[in-house]
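Structure, as structure tokens:
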Amino acid sequence: MEYLKGKRILLGVTGGIAAYKCCELIRLLRKAGAGVRVVMTPAAEQFITPLTLATLSGAEVLRDLFPSGGSVDHISSVREADLLILAPATANTLAKMAGGIADNLLTCCLLAARIPVLAAPAMNCAMYENPATAANIRTLRERGVHFVGPDVGWQACGESGPGRMSAPEAIFREAADLLLRPGQIRGTMVITAGPTEEPLDPVRTLTNRSSGRMGYALAGAAAMLGWRVRLISGPVTLDPPPAVDLIPVRTAAEMMDAAWREAKEADCFVGCAAVADFRPDHAARNKIKKCGEESLKLTLVPNPDIIRTIAGLDTVLAVGFAAETEHLAEYARHKLATKDLDLIVANDVSSTETGFGSEDNAALMIFRDGREVSLPRMRKEDMALRIISEINDLLDRQSRESAPV
Ligand code: C5P
26 MEYLKGKRIL LGVTGGIAAY KCCELIRLLR KAGAGVRVVM TPAAEQFITP
76 LTLATLSGAE VLRDLFPSGG SVDHISSVRE ADLLILAPAT ANTLAKMAGG
126 IADNLLTCCL LAARIPVLAA PAMNCAMYEN PATAANIRTL RERGVHFVGP
176 DVGWQACGES GPGRMSAPEA IFREAADLLL RPGQIRGTMV ITAGPTEEPL
226 DPVRTLTNRS SGRMGYALAG AAAMLGWRVR LISGPVTLDP PPAVDLIPVR
276 TAAEMMDAAW REAKEADCFV GCAAVADFRP DHAARNKIKK CGEESLKLTL
326 VPNPDIIRTI AGLDTVLAVG FAAETEHLAE YARHKLATKD LDLIVANDVS
376 STETGFGSED NAALMIFRDG REVSLPRMRK EDMALRIISE INDLLDRQSR
426 ESAPV
């Protein structure tokens with residue numbers, strides 16, 4: 026998903042061996058839709074070529090403080106950016122930053138930056154542990170510079186300790202978090218996603234085939250469209266989208282507890298999880314053994330209906346999902362009414378092209394007032410953006426209608 030579409034990043038690369046890792050960082054940022062401009066120090070060119078970074082970023086690399094063309098607007102790149110990432114951030118460049126030194130194009134940009142700065146330190150562990158570096162990092166933190174890492178581990182110099190630059194994925198996540206935490210927050214949206222897992226004994230569970238993809242896509246879309254997102258998720262293999270707070274749960278009862286706690290403070294609740302309707306009446310303490318030829322009888326008891334309970338809070342807009350294999354619209358309208366929802370999104374899970382685990386979805390949205398919007402087959406990420414936009418429109422309409430005239 027292009028979480029960072031329209032965002033402009035200035036990536037400062039300094040002279041450390043970890044400079045090679047910024048190639049992957051550029052790829053991740055661009056894949057997420059961000060525009061990337063690279064500014065290098067002279068020392069960085071000893072480790073990685075400007076041509077490599079220009080090719081990956083799709084733009085000329087900025088290197089000269091005194092370009093031959095005579096342009097004096099050497100810091101326009103930092104004025105145009107939304108975030109400056111310094112990766113790798115060497116002890117030398119951090120010291121210059123702390124001291125306000127501007128002796129190359131990158132340190133000039135750092136001194137002129139009125140935008141958030143995210144630094145990923147990378148240096149030998151002895152340099153990192155030196156009190157001078159520690160004091161510089163402390164000073165920079167106090168001035169509002171954000172830091173990611175460093176990690177502890179094996180270093181290129183052969184020593185082991187703190188000072189390894191964080192993985193590109195970790196830097197990307199921090200950057201996305203900084204860019205997506207909206208200045209103007211619409212409110213808090215709680216989303217449930219994935220399956221639940223109901224234990225039968227210490228090794229067996231009752232669960233279902235929900236992949237969590239739709240719920241995770243909704244969480245990513247909501248963060249992009251201005252929501253503070255709390256994602257309550259059953260066990261899935263997905264990474265949470267950037268700028269989303271993940272609350273992992275296992276059973277329906279745990280999901281219910283988390284949902285109730287979070288929804289009381291929220292403005293919108295989206296129930297996208299495939300919650301088990303029933304659970305074993307008890308989980309055996311020890312592994313259930315084969316009992317000859319006899320069949321095994323399980324007693325199942327109903328789980329709470331999470332969204333129905335949350336919809337009773339009249340402070341939240343409640344949005345549910347209906348996964349059906351037949352009579353889609355009819356069953357969905359019935360659920361909308363019985364669960365007292367503001368909106369239901371119904372999808373046909375009998376189709377292999379749009380059902381569980383697939384990349385695409387097709388759905389019918391039915392609103393409390395009877396209005397229906399049909400969403401044709403599209404990628405789950407695109408559908409998530411459509412659904413969150415509809416929720417935003419609905420809330421905007423409601424607040425206009427309730428505003429005093
Ligand atoms: O009743 P059914 O399971 O078909 O309803 C689906 C909708 O209700 C989904 O939004 C699902 O997340 C929610 N649900 C729930 N708690 C349950 C069962 C379903 O929140 N125990």
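Letter by letter, the sequence shown follows residues 26 to 430 in the working numbering.
Built from N, CA and C at the ideal position, the CB exists for glycine as well.
Keep in mind that this is a model prediction, so the values were computed, not measured.
**Message:** Taking a contact to mean a Cβ-Cβ separation below 8 Å, would you say residue 275 touches residue 296 in this structure?
**Reply:** no
**Asked** For residue 136, which residues of its own chain have a beta-carbon under 7 Å away from its beta-carbon, when the five flanking residues on both sides are left out?
**Response** 125, 127
**Request:** Output the residues surrounding ligand 1, defined as those with a CB atom closer than 5 Å to any ligand heavy atom, in chain order.
**Result:** 296, 298, 300, 328, 330, 331, 332, 345, 346
**Prompt:** Could you give the distance in angstroms between the alpha-carbon of residue 152 and the alpha-carbon of residue 158?
**Reply:** 7 Å
**Item:** Range of the contiguous beta strand (DSSP E) that encloses residue 270
**Value:** 269 to 273
**Prompt:** Do you know whose CA, among 66, 68, 77, 72, lies nearest residue 52's CA?
**Reply:** 77
**Request:** Please report the Cβ distance between residue 171 and residue 203, rounded to the nearest whole angstrom; I am assuming they are in contact, meaning their Cβ atoms lie under 8 Å.
**Result:** 6 Å
**Prompt:** Nearest-angstrom Cα distance between residue 293 and residue 251?
**Reply:** Each residue's alpha carbon lies about 13 Å from the other.
**Asked** Can at least three beta-carbon pairs, one atom from the region 219 to 233 and one from the region 299 to 309, be found at a separation below 8 Å?
**Response** yes
**Request:** May I ask you to verify whether the region 336 to 343 touches the region 266 to 274, counting CB pairs closer than 8 Å and requiring at least 3?
**Result:** Segments in contact, no.
**Request:** Can you tell me the Cβ-Cβ gap for residue 63 and residue 87, rounded? I've got them flagged as a contact below 8 Å.
**Result:** 7 Å
**Request:** Could you say if the region 280 to 287 and the region 323 to 336 meet the contact criterion of at least three C-beta pairs nearer than 8 Å?
**Result:** yes
**Spatial distance of residue 435 from residue 174 (CA atoms)** = No information on residue 435 is available, as it lies outside the stretch 26 to 430 that the chain covers here.
**Asked** Whose C-alpha, out of 314, 273, 45, 311, is nearest the C-alpha of residue 255?
**Response** Minimum Cα distance to residue 255 is reached at 273.
**Prompt:** Are the Cβ atoms of residue 200 and residue 110 separated by less than 8 Å?
**Reply:** Residue 200 is a Cβ neighbour of residue 110, given a cutoff of 8 Å.
**Asked** Since residue 261 and residue 219 are thought to touch, with beta carbons under 8 Å apart, how far apart are those beta carbons, to the nearest angstrom?
**Response** 4 Å
**Message:** Nearer than 7 Å: is that true of the beta carbon of residue 337 relative to any heavy atom of ligand 2?
**Reply:** Of the ligands this structure carries, namely ligand 1, none is ligand 2.
**Request:** Could you pull out every residue in the same chain whose Cβ sits closer than 6 Å to the Cβ of residue 121, ignoring the five residues on either side in sequence?
**Result:** 132
**Request:** Helix, strand or coil for residue 39, going by three-state DSSP, please let me know.
**Result:** coil
**Message:** I need the straight-line Cα distance from residue 399 to residue 389, nearest angstrom please.
**Reply:** 4 Å
**Item:** Coil, strand or helix - residue 264 by DSSP
**Value:** Three-state DSSP puts residue 264 in coil, outside helix and strand.
**Prompt:** When you compare only the Cα positions, how much space is there between residue 112 and residue 106?
**Reply:** 16 Å
**Message:** Within the continuous beta strand (DSSP E) that includes residue 337, where are the two ends?
**Reply:** That residue, residue 337, is in no beta strand (DSSP E); it is neither H nor E in DSSP.
**Request:** Under 8 Å by Cβ, that's how I've got residue 243 and residue 412 pegged, so tell me the actual separation to the nearest angstrom.
**Result:** That pair is a contact at about 6 Å.
**Message:** Considering only DSSP beta bridges, list what residue 325 is partnered with.
**Reply:** 305
**Item:** Beta-carbon separation (whole angstroms), residue 145 vs residue 210, contact threshold 8 Å
**Value:** Between residue 210 and residue 145 the Cβ distance is about 27 Å, and since that is not below 8 Å, they are no contact.
**Message:** Which residue wins for smallest C-alpha separation from residue 229, given the options 290, 189, 309, 162?
**Reply:** 309
**Request:** With DSSP collapsed to three states, give me the class of residue 102.
**Result:** Looking at residue 102 - three-state DSSP - the assignment turns out to be helix.
**Request:** Could you tell me which residues DSSP puts in a beta bridge with residue 296?
**Result:** 217, 345
**Pairwise C-alpha distance: residue 123 and residue 396** = 58 Å
**Request:** Take residue 31 as the anchor and find which of 233, 67, 58 has the nearest alpha-carbon.
**Result:** 58
**Request:** State buried or exposed for residue 29, treating a residue as buried only when at least 16 other CB atoms are found within 10 Å of its CB.
**Result:** buried
**Request:** Determine the closest residue to residue 417 out of 248, 311, 322, with distance taken between C-alpha atoms.
**Result:** The residue with the shortest Cα to Cα distance from residue 417 is 248.
**Prompt:** In chain order, what residues of the same chain have a beta carbon less than 8 Å from the beta carbon of residue 364, not counting five sequence neighbours either side?
**Reply:** 330, 332, 333, 336, 343, 345
**Request:** Look at the Cβ atom of residue 298, then the Cβ atom of residue 217, and state whether they are nearer than 8 Å.
**Result:** yes
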